Amino acid sequence: MSEIIELITAEVPGNFKRMDFPWSHAIKLVHEGRAFALSAPAKKEAPELFYPNIPVGIQKMCFFVRKDSQWFYKGPLSLTNLQIGVAKDASLEELNGYMHEHPEQFQLQPYHGRFLKQNINKLIKRRYDAFVFSINSTLLELKRLNLLGKIKSAGCISEAPVYVACSSAVNYLQTAKYISKKFDIEMLKLAESGQLDTILNKYNAGFTAAELIDYGNMKVEIH
206 MSEIIELITA EVPGNFKRMD FPWSHAIKLV HEGRAFALSA PAKKEAPELF
256 YPNIPVGIQK MCFFVRKDSQ WFYKGPLSLT NLQIGVAKDA SLEELNGYMH
306 EHPEQFQLQP YHGRFLKQNI NKLIKRRYDA FVFSINSTLL ELKRLNLLGK
356 IKSAGCISEA PVYVACSSAV NYLQTAKYIS KKFDIEMLKL AESGQLDTIL
406 NKYNAGFTAA ELIDYGNMKV EIH
């Protein structure tokens, strides 16, 4: 998704500087108007922000286990007695109720740049039985670490579109509306040129440009 975002922001007025923060802190900064935009939240994670119509990706949250594990996710009841790593503040749809009732089974960690590597290492060292994260990001990190043969996906929880969301704080609201509209226009241009599908195929995203546009359920006139 970062490659798509970079292409879009290059065509949008303004000087954008990327900053990395723990996920919950990043949401807070954008919500309070101390930063302008947040990369790739689902709407349930930060409902107070201002969103464009077209998402930048579709996030599929899945369980990952060691290669020798026989366990596979078959609904919340299949989690009994497991220790599970989860990103703090992540919205896991059908798991939210179970997590509230069984907090002792979940090891919550702030989401930051080292989150995936730390979770992979903890899983390999058997400090817990599984962790939950975006399937695309996890598979890319496993490939980078040359660990695809040691960890596998064991079922998925939810699928949700993710966006570049802007601050709805008073000092940014009008700019947010303008930038969000421009974002939709540039996403349509990328889709119609075929460039968006080329990028998605390169990363084996598991969804198409047409699916992203369909989530927007809109028509934007391109000038």
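The numbering used here applies: residue 206 is where the sequence shown begins, and numbers increase by one. Using N, Cα and C, we set each Cβ at its ideal position, and we do this for glycine too. Predicted model, so just to flag it, every value in this text is computed and none were measured.
Cα-Cα separation, Val367 to Leu300: As a first step, residue 367 is located in the sequence shown; it is residue number 162 there, counting from the start. As a first step, residue 300 is located in the sequence shown; it is residue number 95 there, counting from the start. Between Val367 and Leu300, the C-alpha separation is close to 19 angstroms.
Residue range of the alpha helix (DSSP H) that includes Lys348: The residue given as residue 348 occupies position 143 in the sequence shown. Per DSSP, Lys348 belongs to the alpha helix (DSSP H) from Ile340 to Arg349.
Limits of the unbroken alpha helix (DSSP H) element including Ile320: As a working note, residue 320 is residue 115 in the sequence shown. Before going further, note that residue 320 is Phe rather than Ile in the sequence given. Run containing Phe320: Phe320 to Ile329, per the alpha helix (DSSP H) assignment.
Euclidean distance between Cα positions of Glu416 and Val270: Here the question's residue 416 lines up with position 211 in the sequence shown. Here the question's residue 270 lines up with position 65 in the sequence shown. Cα to Cα, the separation comes out at about 29 angstroms.
C-alpha gap between Asn326 and Tyr316, whole angstroms: Along the sequence shown, read from residue 1 onward, the residue named residue 326 stands at position 121. Along the sequence shown, read from residue 1 onward, the residue named residue 316 stands at position 111. Rounded to whole angstroms, Asn326 to Tyr316 spans 15 angstroms at the Cα level.
DSSP bridge partner residues for Ser244 (one or two, in chain order): The residue labelled residue 244 in the question sits at position 39 within the sequence shown. Beta-bridge pairing links Ser244 to Val369.
Val291 - DSSP class collapsed to helix/strand/coil: Start at 1 with the first residue of the sequence shown, and residue 291 comes out as number 86. DSSP places Val291 in strand when its eight states are reduced to three.
Coil, strand or helix - Lys265 by DSSP: For the purposes of this step, residue 265 is taken as the residue at position 60 of the sequence shown. When DSSP states are grouped into helix, strand and coil, Lys265 belongs to the strand group.
Spatial distance of Phe338 from Ala359 (CA atoms): Here residue 338 refers to the residue found at position 133 when the sequence shown is read from its first residue. Here residue 359 refers to the residue found at position 154 when the sequence shown is read from its first residue. When rounded, the distance between both Cα atoms is 11 angstroms.
Touching by the beta-carbon criterion (3+ pairs, under 8 angstroms), the segment 276-295 and the segment 382-389: Output reads no: the segment 382-389 does not touch the segment 276-295.
Sequence-distant residues of the same chain with beta carbon closer than 6 angstroms to Trp228, five excluded per side: As a position in the sequence shown, residue 228 is number 23, starting the count at 1. Excluding the 5 residues flanking it on each side, Trp228 has same chain C-beta neighbours closer than 6 angstroms at Asp294 and Tyr316, in chain order.
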